[in-house]
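What follows is a single structure, written as structure tokens, with notes after it.
Protein chains: 2
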Amino acid sequence: MTDTATTGRALPHPEPEEIRLESVLHALSDPMRLRIVRELAADEAELSCSHFDLPVTKSTTTHHFRVLRQSGVIRQVYQGTAKMNGLRRDDLDGLFPGLLDSLLAAADRQAGRLGDRS
Amino acid sequence: MTDTATTGRALPHPEPEEIRLESVLHALSDPMRLRIVRELAADEAELSCSHFDLPVTKSTTTHHFRVLRQSGVIRQVYQGTAKMNGLRRDDLDGLFPGLLDSLLAAADRQAGRLGDRS
DNA sequence: ATCGTAGTACGAGGTCTATCGTACGAGGCG
DNA sequence: CGCCTCGTACGATAGACCTCGTACTACGAT
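Take a look at the structure:
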């Protein structure tokens, strides 16, 4: 009641020890999902799914967010009808120190090189 | 003639500027290929395909090495009937500084955590 | 020249993936 | 309540991917 948290029910997330590097890399190997993660990292805040303006349908968007969540890259929480998404920075840094930053830096670098102005 | 290099013909490799982060991540998201890359990094030398004792057939092995080469992760050179494989450390470090080391460290960490003794 | 070894090519099978469309559920707001 | 928005679920489709087996090439050694 005095809880500021979620209204809806919970979503299944992998425990840190269940997160597999291969799954994380696979999740990030899709351009759409890498783009989502970059935006999430840039804003440094929880963002709703609808905040993203992806060139795919809603169904496909749901699919990509689910892949990211099930691989352990993001955390999703219902907040009313919206679903807030946040990077699992702490968990990933604990498991693979420095990896996330390197990946994000690599993505930034490539985006700059290719002229994909953020 | 005074060339110490290859006997056979050349294999197509992507130029550094053609290497895409997504392709690299996809290449490394397969357990068999990640294993190959880890061995390659550990030995710090060029290894022949047959040096690897993978639990798949020769055809499949060829396939995985091709994926790694085409994504820009390894360099392959014919040397007689053997094909020598080497990590493209310099090119990758130039494109994505620190990424390869982070990835290898992450893989090592996970292998240790899961008891996959090297 | 003959054989053996290293690796390729090609095709097939089965699985997984990305995408879509439509129909549905849950929550906020008039 | 009725409606709109956010997101899900399910089914379908087309393409990619991993795996294999068999037939083949290239090189080196006997």
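Protein chains in written order, with UniProt numbering: chain A, 1 to 118; chain B, 1 to 118. Beta carbons: idealized from backbone N, C-alpha and C, even for Gly.
Chain B contact residues for A/Q110, given Cβ-Cβ distances below 8 Å: R20, L21, L95 and F96
Under 9 Å, Cβ to Cβ, is there at least one residue of chain A near B/L40? no
Can you name the residues of chain A whose CB is closer than 8 Å to the CB of B/H26? L25, H26 and S29
Contact under 9 Å by Cβ, A/L11 with A/I36: Annotated as distal: A/L11 and A/I36, with beta-carbon spacing of 9 Å or more.
Under a Cβ-count criterion, where at least 16 other Cβ atoms within 10 Å of its own Cβ denotes burial, should B/A45 be classed as buried or exposed? exposed
Span of the beta strand (DSSP E) around B/I74: I74 to Q79
State the CB to CB distance for the pair A/L40 and A/G86, rounded to an integer number of angstroms; the pair is presumed to be in contact (CB under 8 Å). Contact flag correct, Cβ pair sits at about 7 Å.
Which residues mark the beginning and the end of the alpha helix (DSSP H) in which A/A82 is found? No alpha helix (DSSP H) holds A/A82; the beta strand (DSSP E) holding it covers A82 to L87.
Distance cutoff 9 Å, beta carbons only. Does A/R88 sit that close to anything in chain B? no
For B/S50, which of helix, strand or coil comes out of DSSP? helix
Rounded C-alpha distance that separates B/T61 from B/C49: 8 Å
Considering only the alpha carbon of each residue, which of B/G98, B/L104 and B/D108 lies closest to A/R109? B/G98
Rounded to the nearest angstrom, what separates A/D43 and A/T81 at their Cα positions? 21 Å
Nearest-angstrom Cα distance between A/T6 and A/E17? Unreliable positioning characterises A/T6 in this predicted model, as indicated by a pLDDT of 40, which lies under 50. A coordinate reading is not provided.
CA-to-CA distance, B/P14 to B/D3, given in whole angstroms: With a pLDDT of 39 at B/D3, under the threshold of 50, the modelled position of this residue cannot be trusted, and the question is left open.
For B/A106, return the contacting residues in chain A, with the cut-off set at a CB-CB distance below 7 Å. L21, F96 and L99
Looking only at its own chain, which residues have a Cβ that is under 7 Å from the Cβ of A/M1, when we skip the five neighbours before and after it? Low per-residue confidence applies at A/M1: pLDDT is 40, beneath 50, and the placement is therefore not dependable, though the value from the model is reported in the following sentence. For A/M1, where only same-chain residues beyond five positions count, there are no Cβ hits under 7 Å.
Of the choices B/D101, B/A111, B/A105 and B/S29, whose alpha-carbon is the least far from that of B/S71? B/S29
If the cut is a Cβ gap below 7 Å, which residues of chain A does B/S102 touch? Contact note: B/S102 reaches chain A through G98, L99 and S102, using a C-beta cutoff of 7 Å and chain order.
Just to make sure I have the definition right: I need the residues of chain B whose C-beta is within less than 7 Å of the C-beta of A/L34. Which are they? E22
Name the residue from A/H51, A/D101 and A/S102 whose alpha carbon lies nearest to the alpha carbon of A/K83. A/H51
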